[in-house]
Every structure is written in C-alpha cells, then in structure tokens.
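Right, one structure below, let's go through it.
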C-alpha cells in the first residue's frame with residue numbers, strides 16, 4: 017500500500033531529525049525541574065538533593081598552593097552550586113507545603129537546613145577571601161632589576177567573584193578592582209597576561 021505524499025514527507029522529516037541526546041541534555045531531562053511547566057519535585061526527587069558532598073570542592077578552594085584564580089573559581093562554582101540547591105528546596109517546599117509533613121519529611125527539612133547552613137558558611141569564607149584580594153589586588157615582582165606591579169590574579173575572575181557574591185558594597189568593590197587594573201595597565205605592554213601570585217613576591221596595594 018502506497019503512503020500518501022504528505023505522510024511520506026512527514027515520515028522522512030521525522031526520521032531525519034532524530035539525533036542522539038547528549039549527556040548534559042539527558043541530565044537536565046532527568047533532574048528535577050522547577051522551571052515553568054517543569055513541575056515540582058516530589059519527596060523522592062527532593063530527597064536526592066543534599067549539601068554534604070562539598071568537602072572535596074571546599075578543600076580545593078582552600079588550597080593555598082593552587083593559583084589564586086583557580087581557588088576563586090572553585091569558590092564560585094561551589095557557592096553557585098549550593099545556591100541552586102537551596103533554591104530547589106525553597107521553591108519545591110513553597111509550591112508544595114505538604115513536603116514538610118509527608119512521611120520522611122524530617123529528613124527533607126534537615127537536608128534543607130544543612131544546605132542553608134553550608135551555604136552561609138561557604139559565603140563567609142568566600143567573601144573573606146575575595147575582600148582580601150580586593151584589599152591587596154597586586155604584588156611586586158623584580159624584572160630587569162626593577163620592581164614592577166602585577167596582578168595577583170586575572171581581574172576578570174575577581175570581578176566575577178564579586179558579581180557572584182553580590183554584596184551590598186558591590187559597586188565600591190568593583191571600583192577598587194578597576195583602580196587596581198589601571199595601576200598595572202602599563203606592565204601589560206611587556207606581559208602577555210597578569211601572572212598569579214607566588215611565594216616570594218611582595219604584595220602591594
């Protein structure tokens with residue numbers, strides 16, 4: 017039996033558009049979605065959200081032997097991840113208050129409280145480090161027998177950290193970063209990029 021022309025075109029179009037789903041797309045599809053139309057995670061899905069697996073990431077962020085830009089990025093990634101987990105709890109429990117009273121709800125409430133506390137602790141630590149970098153954003157290096165001023169880390173990364181934290185004095189902090197960047201601008205004619213701080217350098221303000 018011959019298919020109608022329209023049906024044949026639809027069949028060919030459909031089969032031609034099939035593509036393998038990437039791992040990222042599959043993860044997004046399987047993860048609880050709080051976006052419009054995505055629905056609210058039930059108790060079983062929400063029970064998989066927790067903040068007790070951040071030890072390794074925090075260790076990386078605290079490692080003083082790593083370049084400061086890498087440490088800052090570790091803090092950014094960790095803090096952003098914790099904020100997303102907190103948002104998941106907040107939105108799910110606000111949209112479905114029964115999650116606070118269903119069987120096993122005490123575990124969900126405890127996990128939510130643990131995430132709130134962990135996020136607060138990481139924020140304090142992250143912000144303390146960022147403010148130290150803003151306070152002393154440059155170091156002194158000896159080049160050709162002369163002291164030159166270089167950045168402790170890439171200023172773009174430092175700005176990203178400030179934007180992520182979004183403190184009340186964000187604009188003031190960004191202004192200080194801009195001023196520091198102007199001080200090291202002449203050195204960029206000889207240096208392809210700002211070098212990270214290493215042991216033995218003299219810090220400068």
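Numbering (our numbering), first residue to last: 17 to 221.
Where is the CB? At the ideal position from N, CA and C, for every residue including glycine.
C-alpha gap between residue 122 and residue 141, whole angstroms: 29 Å
Cβ shell of residue 234 (< 6 Å), same chain only, five flanking positions each side left out: Absent from the structure is residue 234, since the part of the chain shown begins at 17 and ends at 221.
CA-to-CA distance, residue 93 to residue 173, given in whole angstroms: 12 Å
Pairwise C-alpha distance: residue 132 and residue 69: 14 Å
C-beta contact flag for residue 181 and residue 150 at 8 Å: no
Through-space distance from residue 169 to residue 178, alpha-carbon basis: 14 Å
Proximal residues to residue 193 (C-beta, below 8 Å), its chain only, five neighbours per side dropped: 150, 153, 171, 174, 175 and 178
Among 107, 78 and 72, nearest to residue 143 - alpha-carbon criterion: 78
Spatial distance of residue 84 from residue 108 (CA atoms): 36 Å
Neighbourhood of residue 98 by C-beta distance below 8 Å, restricted to the same chain and skipping five residues each side: 67, 70, 131, 134, 135 and 138
Rounded distance between the beta-carbons of residue 62 and residue 115, thought under 8 Å: 6 Å
Start and end residues, alpha helix (DSSP H) containing residue 102: 84–111
Nearest to residue 155 (by Cα), restricted to the options 80, 196 and 187: 196
Through-space distance from residue 103 to residue 14, alpha-carbon basis: Only positions 17 to 221 of the chain appear in this structure, which leaves residue 14 out of reach.
Alpha carbon of residue 184 to alpha carbon of residue 191, nearest angstrom: 13 Å
Alpha-carbon spacing of residue 38 relative to residue 165, whole angstroms: With a pLDDT of 39 at residue 38, under the threshold of 50, the modelled position of this residue cannot be trusted; read the value that follows with caution. About 46 Å.
For residue 70, the first and last residue of its enclosing alpha helix (DSSP H): First-last for residue 70: undefined, no H or E at that position.
Residue 116 - DSSP class collapsed to helix/strand/coil: helix
Backbone secondary structure at residue 137 - three-state DSSP: helix
First through last residue of the alpha helix (DSSP H) which encompasses residue 81: Residue 81 -> no alpha helix (DSSP H), and no H or E assigned at all.
Inter-residue CB distance, residue 60 and residue 118 (contact presumed, cutoff 8 Å): In fact, because the Cβ distance is near 10 Å, the residues do not count as touching under 8 Å.
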